[in-house]
Structures are given as structure tokens and as C-alpha cells.
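Here's the structure, in C-alpha cells; my notes come after.
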Amino acid sequence: MLKVILLVFCATGAFGYFTLPGKCPENVPVMEHFSIPDFHGKWYQAYYYASDGQKKNNCSTLEISFKSNSDNYPVLSFNQSRIDRGLFHRYSIANVPPPAHGSQSGDLELVFNYQNAPRRLKTRKYQFRVLATNYNYYATAFTCQYSPLIDKHFIYVWILSRNPILNDVSKELAMRPLQQIGLLSEKLIRDDQSKCSPKYYDDFPTEPTTFKYPVPI
Ligand SMILES: *[C@@H]1O[C@H](CO)[C@@H](O)[C@H](O)[C@H]1NC(C)=O
Ligand SMILES: *[C@@H]1O[C@H](CO)[C@@H](O)[C@H](O)[C@H]1NC(C)=O
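In case it helps, mature numbering (1 follows the signal peptide of the UniProt record, and there is no 0) puts the sequence shown at residues -16 to -1, 1 to 201.
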């Protein structure tokens, strides 16, 4: 599967996915005093921005929970679920290694594991950067991937809400950090959380649509 994806990528995909010129923006306003314990639980994706224009799903949620790994070490599990094309309920699971002791940065690393992939593609890491949140109503998160090969980047922004509908005040607060990365609020797309009863359920994790390419290209 991943081989196929890589081939497709080489043929056409990269040009559709990485569309913004140059490197990822610097000086992204990541939260400096971020509390993971307060962030855990379920979030609805109220709005999003994908720089490649993807609109493939609705009813996206993120669920962050604590688990222990085999050494009894606490790890965060990150469950990103969505309904693809109004039909398929799918989800992707990542682990978030605990931040370095004393670190309170909102800069999180998501680690996806693909057991059946070729060795160098088994583990894939992506950034998930929390730019703003008040933990009870809204959160703004950002990721960026850069392709040195074509010198372009891809951006995805989540406007998350604790409730299926985000109130206007929270929306306004959630949008604030986006000015600093030059993203206009008109570009955000509303995620419809109202018709969320798909026909089919996948009972195994699949690839996330927000973090696509397995190796830097
Ligand atoms: C992830 O979330 C979805 C939707 O809430 C749920 O159906 C699925 O079982 C969850 N997966 C895991 C491993 O927690
Ligand atoms: C998302 O929901 C909207 C409104 O119900 C619908 O028009 C659109 O087709 C849905 N998109 C997908 C990819 O399911």
C-alpha cells in the first residue's frame, strides 16, 4: 500500500499536495504554557484549512487519552476519526511521547506506527502544534510539511471545539493566531458535525488524511 502511495506521489501527488511556495512558515506562535492533562478528551473539528483544498470528510473528531505502554510509562494516544465521503467511518491512531521533563510547549510530536509497512516506513512522525486553547471551548492547532524536492509546503489547521458547534466568541479567539501565519478566516471550511451516521465502519486504524507523505520528499 505505501509503495503504491509513493509511486503515485512521485507521478503526480506531490504537486497536488504541496502547493504553497517555499519552506514552512517560521515564527509560528506555538503555546509556551500548555497543559496536556487539560487538553485530553474529545474535540470536534469545527473548522479546518487544508492548503491542498481537500474536502473529503465531515464529522472529524480528535480524542486524546492517556494509556500506559508495556513499561507502565504514561503515553498519550491520539485518535483522529472522520467520515469519508459521507459513507465510511475511519480513524487513525498516533502516540504522543511525553514531553521532555519541565517542557510546557504546545509543540507535540505524533508518532504513527504501521506494522505491515516496509521497515523504514514503519514509524512516521509529524508535528501537531497547539497555537491556542482555553481547554474548555476551543483550540487551534497547526501542522506543516515541506518538500525539499519541489520546494513547496503543505499546511493543515484545525479549529477544534469541545462541543459540536463552536460559539462565535470562541471562534474569534481561535482564529487569532492565524493572523500571524497569514491565514484569512474566509479560507476556513466548516466541518459538518450534524449528519454523522455513516454506512460502514472500519474497525482497524487507517492512514490519516492530514499527514500524508511517509518520507520527506
Ligand atoms: C477511535 O475513535 C473512534 C470514533 O470515536 C472509535 O470508533 C474507535 O474505536 C477509536 N479507536 C480506538 C483504538 O480507540
Ligand atoms: C460534508 O457535509 C456537507 C453538508 O452536509 C455535504 O454537502 C458534503 O458533501 C459533505 N462532504 C463529504 C466529503 O462528505
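Glycine included, every Cβ here is placed at the ideal spot set by N, Cα and C. Computed from a predicted model, the values in this text were never measured in an experiment.
Extent of the continuous alpha helix (DSSP H) to which residue i belongs
| i | result |
| --- | --- |
| Tyr119 | From DSSP, Tyr119 is part of no alpha helix (DSSP H); its letter is neither H nor E. |
Burial state of residue i (16 or more Cβ within 10 Å)
| i | result |
| --- | --- |
| Gly90 | buried |
| His17 | exposed |
| His85 | exposed |
| Phe(-2) | exposed |
| Asn100 | exposed |
| Leu46 | buried |
| Lys136 | buried |
| Val175 | Sequence inspection shows Asp at residue 175; the Val mentioned does not correspond to that position. Flag for Asp175 reads buried. |
| Asn41 | buried |
| Thr127 | buried |
| Pro192 | buried |
| Val114 | buried |
| Tyr1 | buried |
| Tyr122 | buried |
| Ser44 | buried |
| Phe23 | buried |
Beta-bridge partners of residue i, as assigned by DSSP
| i | result |
| --- | --- |
| Asp91 | Arg113 |
| Ser145 | Tyr28, Tyr122 |
| Asn97 | Thr107 |
| Arg66 | Arg74 |
| Glu191 | The partner list for Glu191 (beta bridge, DSSP) is empty, contrary to what the question assumes. |
| Ala(-3) | BP columns for Ala(-3) are empty, so no partner. |
| Ile165 | Its beta-bridge partners do not exist; DSSP assigns none. |
| Leu133 | None; Leu133 has no bridge partner. |
| Glu47 | Lys26, Asn63 |
| Ala34 | Tyr140 |
| Leu4 | His137 |
| Ile173 | Tyr32 |
| Asn41 | Asp68 |
Residue from the options whose Cα sits closest to the Cα of residue i
| i | options | result |
| --- | --- | --- |
| Asn63 | Arg103, Gly70, Arg74 | Arg74 |
| Tyr155 | Tyr185, Tyr130, Asn120 | Going by the sequence as given, residue 155 is Lys instead of Tyr. Of the listed residues, the one whose Cα sits closest to Lys155 is Asn120. |
| Pro21 | Pro102, Lys51, Phe188 | Lys51 |
| Tyr140 | Glu170, Gln38, Asn11, Leu105 | Gln38 |
| Cys180 | Ile67, Gly6, Val59 | Ile67 |
| Val12 | Lys171, Phe2, Gln111 | Gln111 |
| Tyr98 | Asn79, Phe138, Asp152 | Asn79 |
| Thr124 | Ile77, Cys8, Gln163 | Gln163 |
| Val59 | Leu172, Ile48, Asn151 | Ile48 |
| Ser169 | Asp186, Asp187, Ile143 | Ile143 |
| Tyr184 | Arg69, Thr3, Arg104, Ser35 | Arg69 |
| Glu10 | Gln88, Lys171, Lys26, Gly166 | Gly166 |
| Leu92 | Pro182, Phe188, Ser61 | Ser61 |
Q.
When you compare the segment 22 to 40 with the segment 136 to 148, are there three or more beta-carbon pairs, one atom per stretch, that lie closer than 8 Å?
A. yes
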